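Chemist:
There are 2 protein chains.
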Amino acid sequence: MALLVKHLHAFVTESKLTKEEWMKGLEFLTQSAAITDSERNEFSLLSDILGISSIVDVVSQPVGGTSSSVLGPFHSHDSRLQPNGVDLTGDQPGDRTWLHGYVLDQEGHAIENAEIDFWQNADNGLYPAQDSAQDPHNLRCKIKCAADGSFNLLTIRPHPYTVPTDGPVGALLAASNRSIWRPAHYHVIVSAPGYIGLVTELFPQESDYIDNDTVFGVREGLIVPFVKSSNVEIANRYDLDAPFYEVKFDFKLVKQT
Amino acid sequence: MALLVKHLHAFVTESKLTKEEWMKGLEFLTQSAAITDSERNEFSLLSDILGISSIVDVVSQPVGGTSSSVLGPFHSHDSRLQPNGVDLTGDQPGDRTWLHGYVLDQEGHAIENAEIDFWQNADNGLYPAQDSAQDPHNLRCKIKCAADGSFNLLTIRPHPYTVPTDGPVGALLAASNRSIWRPAHYHVIVSAPGYIGLVTELFPQESDYIDNDTVFGVREGLIVPFVKSSNVEIANRYDLDAPFYEVKFDFKLVKQT
Numbered sequence: 320m321a322l323l324v325k326h327l328h329a330f331v332t333e334s335k336l337t338k339e340e341w342m343k344g345l346e347f348l349t350q351s352a353a354i355t356d357s358e359r360n361e362f363s364l365l366s367d368i369l370g371i372s373s374i375v376d377v378v379s380q381p382v383g384g385t386s387s388s389v390l391g392p393f394h395s396h397d398s399r400l401q402p403n404g405v406d407l408t409g410d411q412p413g414d415r416t417w418l419h420g421y422v423l424d425q426e427g428h429a430i431e432n433a434e435i436d437f438w439q440n441a442d443n444g445l446y447p448a449q450d451s452a453q454d455p456h457n458l459r460c461k462i463k464c465a466a467d468g469s470f471n472l473l474t475i476r477p478h479p480y481t482v483p484t485d486g487p488v489g490a491l492l493a494a495s496n497r498s499i500w501r502p503a504h505y506h507v508i509v510s511a512p513g514y515i516g517l518v519t520e521l522f523p524q525e526s527d528y529i530d531n532d533t534v535f536g537v538r539e540g541l542i543v544p545f546v547k548s549s550n551v552e553i554a555n556r557y558d559l560d561a562p563f564y565e566v567k568f569d570f571k572l573v574k575q576t
Numbered sequence: 320m321a322l323l324v325k326h327l328h329a330f331v332t333e334s335k336l337t338k339e340e341w342m343k344g345l346e347f348l349t350q351s352a353a354i355t356d357s358e359r360n361e362f363s364l365l366s367d368i369l370g371i372s373s374i375v376d377v378v379s380q381p382v383g384g385t386s387s388s389v390l391g392p393f394h395s396h397d398s399r400l401q402p403n404g405v406d407l408t409g410d411q412p413g414d415r416t417w418l419h420g421y422v423l424d425q426e427g428h429a430i431e432n433a434e435i436d437f438w439q440n441a442d443n444g445l446y447p448a449q450d451s452a453q454d455p456h457n458l459r460c461k462i463k464c465a466a467d468g469s470f471n472l473l474t475i476r477p478h479p480y481t482v483p484t485d486g487p488v489g490a491l492l493a494a495s496n497r498s499i500w501r502p503a504h505y506h507v508i509v510s511a512p513g514y515i516g517l518v519t520e521l522f523p524q525e526s527d528y529i530d531n532d533t534v535f536g537v538r539e540g541l542i543v544p545f546v547k548s549s550n551v552e553i554a555n556r557y558d559l560d561a562p563f564y565e566v567k568f569d570f571k572l573v574k575q576t
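Keeping their order, the protein sequence lines are chains A and B.
Sequential numbering from 320 applies to the first sequence in the numbering used here.
Sequential numbering from 320 applies to the second sequence in the numbering used here.
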């Protein structure tokens, strides 16, 4: 609290904040309060677009593992455990993408009993929570990795989307002439007994807005190529027309101390 | 906005804020949102007890006039214009206090057409907005000063009171082992055409909590003695038993540029 007060006072002093500006700030918080409920939290969004969520993420990042990134508002705790290799695509549109890799320790050895919690948006850019036409479990799952630390699943390419803009935060972004877009990304939480949990995202390198994420979630080590693949075994396994896309990513976890 | 972001990021970095602490902060704002409405603003109170309102006041203070102080949540715009010299006390309990002085420019000359907007709490420590037993206009008024800049009124001694403690801000003060009290004070807004308006407070020097105002409103130049007086003219004018209390204070306004 003492540090918070010190830095907020430094902000007021350096900016020579006027009473009118202070009053506008209070009005902003009051308007944010008015549209915040159990389904929507404008303060969380504010934290995101000011980069607070991201800097908290950066300073709490353990040394030596895969970069973490922001959790975002669309994580659900009730994703179903699916078999390693699950096909999440069904008959929905979207570029088929085989995501695979290993969960490793800092020395590059496989971690046993690791678990992946995965979620993303659909081909229309929306998460199930934003789109009643989708099954609530669409494009999300948990997977227990194999004994050698490997995981894989079939999904689709994710898409850029905008943060909600109908509240005070949207007005703030507009007034600041700032982008409202996030680049495309997969959300992944990786956990394993004895290791520090990892909340992160993977970003397609060719995605729009990769250099201008409005919530500042992109880290260099999390940008991945979507490689065209004609791997016959995978094409046969999922009954895919080649080429499809392939994304390989190994997650490195840091031991709890 | 850029400075706000810079200083909030510096806070996170210097405090090495954990995700758990960040989450608690978001919960705090969400709880504050839940009890904020048109009658009560927990964010305004938060600004007060973190000293934000006060530091905004200090940095926006024009040089050369009477110190300003915080507005507080109990100002009403509809106070009635009363004759200079008004008796606000009626038959309510409280130490009768004759408040008088001049509204002056920086050179000490009288300002013509100055107006005083005055409000305070009652002998039970409550403002009318907190106490349905009081007339909504109890112990508040506007006064047009005389041509020589003088004003005077009869009121009672104000009393210390606590900020509202039934919300998240109260919990924060308790967790921080901080006082919930404000020292006694009169609220005064002084305005005059061509001069910068002054929002300020006057604090009885013997008040409890004068060195520990939970909203940091006390300024050295605003602490005033409550002097015992036997002035016969004033005693007769208001039908007072001597001694009563007398507070003399001259307000200095700064010219608009």
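The beta carbon of each residue, even a glycine, is placed where N, CA and C say it ideally should be.
Bear in mind the structure is a predicted one, so any value in this text is a computation, not a measurement.
(1) In chain order, which continuous runs of the alpha helix (DSSP H) of length 4 or greater are located wholly inside the region 369-411 of chain A?
(2) I'd like the ranges of any beta strand (DSSP E) spanning at least 3 consecutive residues and lying wholly in the region 444-512 of chain A.
(3) Kindly list, in the order they appear in chain B, the residues whose Cβ is closer than 9 Å to that of residue 496 of chain A.
(4) So who's on the other strand from residue 438 of chain B, going by DSSP bridges?
(5) Smallest Cα separation from residue 386 of chain B: which of B:394, B:549, B:376?
(6) For residue 602 of chain A and residue 360 of chain B, what's the separation of their Cα atoms in angstroms?
(7) Could you tell me which chain B residues have their CB closer than 9 Å to the CB of residue 419 of chain A, listed as they occur along the chain?
(8) By alpha-carbon positions, which one of A:364, A:343, A:382 ends up nearest to residue 363 of chain B?
(9) Less than 8 Å between the CB atoms is what I'm expecting for residue 568 of chain B and residue 420 of chain B, so what's the real figure, rounded?
(10) Look at the alpha carbon of residue 449 of chain A and the alpha carbon of residue 331 of chain A, and state the distance between them as a whole number of angstroms.
(11) Would residue 501 of chain B be called buried (16 or more neighbouring beta carbons within 10 Å of its own) or exposed?
(12) Can you check whether the C-beta of residue 342 of chain A is within less than 7 Å of a C-beta belonging to chain B?
(13) Just to confirm, are residue 366 of chain A and residue 535 of chain A a CB contact at a threshold of 7 Å?
(14) What residue range does the beta strand (DSSP E) around residue 419 of chain A cover?
(15) Nearest to residue 478 of chain B by CA position, among B:523, B:455, B:472, B:427, is which residue?
(16) Tell me, please, which residues DSSP counts as bridged to residue 548 of chain B.
(17) Is it the case that the Cβ atoms of residue 476 of chain A and residue 408 of chain A are separated by a distance below 7 Å?
(18) Which residue from B:542, B:509, B:334, B:515 puts its Cα closest to that of residue 525 of chain B?
(19) In chain order, what residues of the region 480-507 of chain B put their CB closer than 8 Å to some CB of chain A?
(20) If you draw a straight line from the C-alpha of residue 551 of chain A to the C-alpha of residue 455 of chain A, how long is it?
(21) Consider the Cβ of residue 355 of chain A: report whether some Cβ of chain B lies at a distance smaller than 7 Å.
(22) Between which two residues does the beta strand (DSSP E) harbouring residue 522 of chain A extend?
(23) Between the region 481-491 of chain A and the region 418-432 of chain A, do three or more beta carbon pairs fall short of 8 Å?
(24) Just to confirm my understanding: we take residue 554 of chain A, look at its own chain, exclude 5 residues before and 5 after, and list those with CB closer than 6 Å. What are they?
(25) What residues in the region 523-537 of chain A bring their beta carbon closer than 8 Å to a beta carbon of chain B?
(26) How would you label residue 447 of chain A, buried or exposed, when you count the other beta carbons within 10 angstroms and need 16 or more for buried?
(27) Taking the alpha carbon of residue 464 of chain A as the point to measure from, which residue in A:490, A:545, A:430 has its own alpha carbon closest?
(28) Which residues in the same chain have their Cβ closer than 8 Å to the Cβ of residue 575 of chain B, if we skip the five residues on either side of it in sequence?
(29) Taking residue 383 of chain B as the reference, which of B:389, B:427, B:401 has the closest Cα?
(30) Roughly how many whole angstroms lie between the Cα atoms of residue 565 of chain A and residue 491 of chain A?
(31) Are the beta-carbon atoms belonging to residue 577 of chain B and residue 368 of chain B less than 7 Å from one another?
(32) Compile a chain-ordered list of the residues in the region 509-522 of chain A whose CB is closer than 8 Å to at least one CB of chain B.
(33) Do residue 472 of chain B and residue 405 of chain B come within 7 Å of each other at the CB atom, strictly closer than that value?
(34) Do residue 573 of chain A and residue 381 of chain A have their C-beta atoms within less than 7 Å of each other?
(35) Drop a sphere of 10 angstroms on the beta-carbon of residue 337 of chain B, count the other beta-carbons inside from all chains shown, and report buried for 16 or more, exposed for fewer.
(36) When we look at the beta-carbon of residue 509 of chain B and count the other beta-carbons within 10 Å, is it buried (16 or more) or exposed?
Modeler: Reading off the structure:
(1) 371-378
(2) 459-463, 469-475, 505-510
(3) Ordered by position in chain B, no residue passes the 9 Å Cβ test against residue 496 of chain A, which lies about 11 Å from the chain.
(4) B:459, B:506
(5) B:376
(6) The question about residue 602 of chain A has no answer, for chain A in this structure spans 320 to 576.
(7) Those within 9 Å of residue 419 of chain A in chain B number zero; the least Cβ separation is about 28 Å.
(8) A:343
(9) 4 Å
(10) 38 Å
(11) buried
(12) no
(13) no
(14) 415-423
(15) B:523
(16) B:563
(17) no
(18) B:542
(19) 491, 495
(20) 32 Å
(21) yes
(22) 517-523
(23) no
(24) 561
(25) none
(26) buried
(27) A:430
(28) 513, 514, 515
(29) B:427
(30) 38 Å
(31) Past the boundaries of the shown model lies residue 577 of chain B; chain B is included only from 320 to 576, so the question cannot be answered.
(32) none
(33) yes
(34) yes
(35) exposed
(36) buried
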